[in-house]
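In what follows, a structure is listed as structure tokens, so that the remarks can point back to it.
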Amino acid sequence: MPVKARIGLFGGTFNPIHYGHLRAAEELRDVFPLSKVVFIPSNNPPLKRDSIAPAHHRYEMARLAIDGNPGFALSDIECKSDRVSYTVHTIVEMRQQYAGNDLYFIMGLDAFLEMPKWFKTDEILANAALIVMARPPIEMERIKESPNKDGDNCRMDGKVAQIGLKNGKYLSVASIPPHNISSTHIRQSIREGRTIKYLLPESVESYIINNELYK
Ligand code: ATP
61 MPVKARIGLF GGTFNPIHYG HLRAAEELRD VFPLSKVVFI PSNNPPLKRD
111 SIAPAHHRYE MARLAIDGNP GFALSDIECK SDRVSYTVHT IVEMRQQYAG
161 NDLYFIMGLD AFLEMPKWFK TDEILANAAL IVMARPPIEM ERIKESPNKD
211 GDNCRMDGKV AQIGLKNGKY LSVASIPPHN ISSTHIRQSI REGRTIKYLL
261 PESVESYIIN NELYK
């Protein structure tokens with residue numbers, strides 16, 4: 061029987077992608093481990109509208125950023141579409157593309173805590189295993205705020221906390237050391253004419269300059 065690969069799906073605006081995203085994805089590959097992390101730049105996210113570069117630029121920057129890492133891949137599933145991207149549609153399509161493998165949907169702790177506001181949350185939780193990235197020490201108090209959690213059903217599995225959900229499945233919370241880099245800070249620095257060197261790959265920095273993004 062063929063061995064199943066463990067595929068992580070890492071969605072985001074990636075506006076622009078930076079070393080915080082890349083390093084977090086690489087750490088997750090190591091900790092779980094995952095065979096591959098697929099970066100999925102969004103099209104028009106329903107909950108986030110501030111100064112978003114066109115999807116084809118964000119996709120191209122992600123392509124440059126992951127170049128040379130065979131453990132990383134890129135999907136245009138969301139950004140090629142004219143529709144607003146909903147996580148549930150993405151997961152269902154990715155299940156077809158990676159049929160026979162195990163899929164893990166990766167998100168930050170803040171995004172997980174916002175999940176009740178998302179479209180068809182129950183369907184997302186029914187279709188995908190979740191990996192939540194949290195800064196160490198894992199803030200159990202905040203996770204306990206989540207309405208998706210099942211009482212105090214929690215256990216530690218190596219560096220990963222397994223949290224019981226109301227649908228009977230487990231959510232994996234991985235402790236990822238923080239990298240104090242954000243796309244917001246990068247965009248602000250560009251607007252103010254300050255340097256963004258060493259916050260993101262040089263190829264992405266050159267792309268931003270050549271295409272006059274975020275001015
Ligand atoms: P913005 O500053 O524009 O809000 P962002 O980086 O927070 O950008 P996304 O590009 O949508 O937003 O992030 C994609 C995912 O990467 C999210 O789950 C977010 O929590 C995570 N992430 C963002 N920055 C870091 C970082 N420095 N370290 C680890 N994870 C990060």
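Just so we're on the same page, my numbering is the position in the sequence shown counted from 1, plus 60. Built from N, CA and C at the ideal position, the CB exists for glycine as well. Predicted model, so just to flag it, every value in this text is computed and none were measured.
*asked:* Taking 7 Å as the limit between beta carbons, can you name the residues of its chain near T181, skipping five residues before and five after?
replied: Excluding residues within five positions, the ones whose Cβ falls inside 7 Å are M175.
*So the beta strand (DSSP E) Y230 belongs to, where does it begin and stop?*
Here the beta strand (DSSP E) through Y230 covers 230–235.
*Which residue's Cα is closest to the Cα of L173: M193, Q156, Y158, G160?*
Checked all of M193, Q156, Y158, G160; the closest Cα to L173 is M193.
*Can we count F132 as close to the ligand ATP, meaning its CB is less than 7 Å from some heavy atom?*
It does not: the Cβ of F132 is nowhere closer than 7 Å to a heavy atom of the ligand ATP.
_DSSP-derived helix/strand/coil call for V63_ = In the three-state reduction of the DSSP assignment, V63 falls in the coil class, being assigned neither a helical nor a strand state.
*Hey, could you find the ends of the alpha helix (DSSP H) A171 is sitting in?*
Looking at the DSSP string, the run of the alpha helix (DSSP H) that includes A171 is 169–173.
_Distance cutoff 8 Å, beta carbons only. Does F74 sit that close to anything in chain C?_
Absent here is chain C; the protein component of the structure consists of one chain.
_In whole angstroms, give me the CA-to-CA distance for K219 and R202._
Taking the CA atoms as reference points, K219 sits about 18 Å from R202.
*Where does A221 fall in DSSP's three states?*
Residue state for A221 is assigned as strand, using DSSP reduced to three classes.
*Presumed contact (8 Å Cβ cut-off) between S95 and I137, rounded CB distance*: Rounded to whole angstroms, the Cβ separation of S95 and I137 is 19 Å, and the two are not in contact under 8 Å.
_Using a Cβ distance threshold of 8 Å, determine whether the stretch 252–261 contacts the stretch 221–230, with at least three qualifying pairs required._
Between the stretch 252–261 and the stretch 221–230 there are fewer than three C-beta pairs closer than 8 Å, too few to call the two in contact.
*According to DSSP, which residues form a beta bridge with C214?*
Residue pairing by DSSP places C214 opposite I223 in a beta bridge.
*Give every residue of the same chain whose Cβ lies closer than 6 Å to the Cβ of Y274, excluding the five residues on either side of it in the sequence, and list them in chain order.*
The residues R247, I250, in chain order, have a CB closer than 6 Å to that of Y274 in the same chain once the five nearest residues on each side in sequence are set aside.
*With hydrogens ignored, establish whether the beta-carbon of N104 is closer than 7 Å to any heavy atom of the ligand ATP.*
Within 7 Å of the C-beta of N104 there is not a single heavy atom belonging to the ligand ATP.
*Are the beta-carbon atoms belonging to N271 and H117 less than 8 Å from one another?*
In this structure, H117 lies closer than 8 Å to N271 by Cβ.
*Please name the residue in A65, Y79, V63 whose C-alpha comes closest to that of V264.*
Here the closest residue by C-alpha is Y79.
*Tell me whether the beta-carbon of G128 lies closer than 8 Å to the beta-carbon of S102.*
Cβ distance not < 8 Å, so G128 and S102 don't count as in contact.
*Would you mind working out which of I191, P238, A113, A189 sits nearest F74, comparing C-alpha positions?*
Residue nearest to F74 within the set I191, P238, A113, A189 is A113 (criterion: CA-CA distance).
*With C-beta atoms as the reference, is L134 less than 8 Å away from F99?*
Result yes, Cβ atoms of L134 and F99 sit closer than 8 Å.
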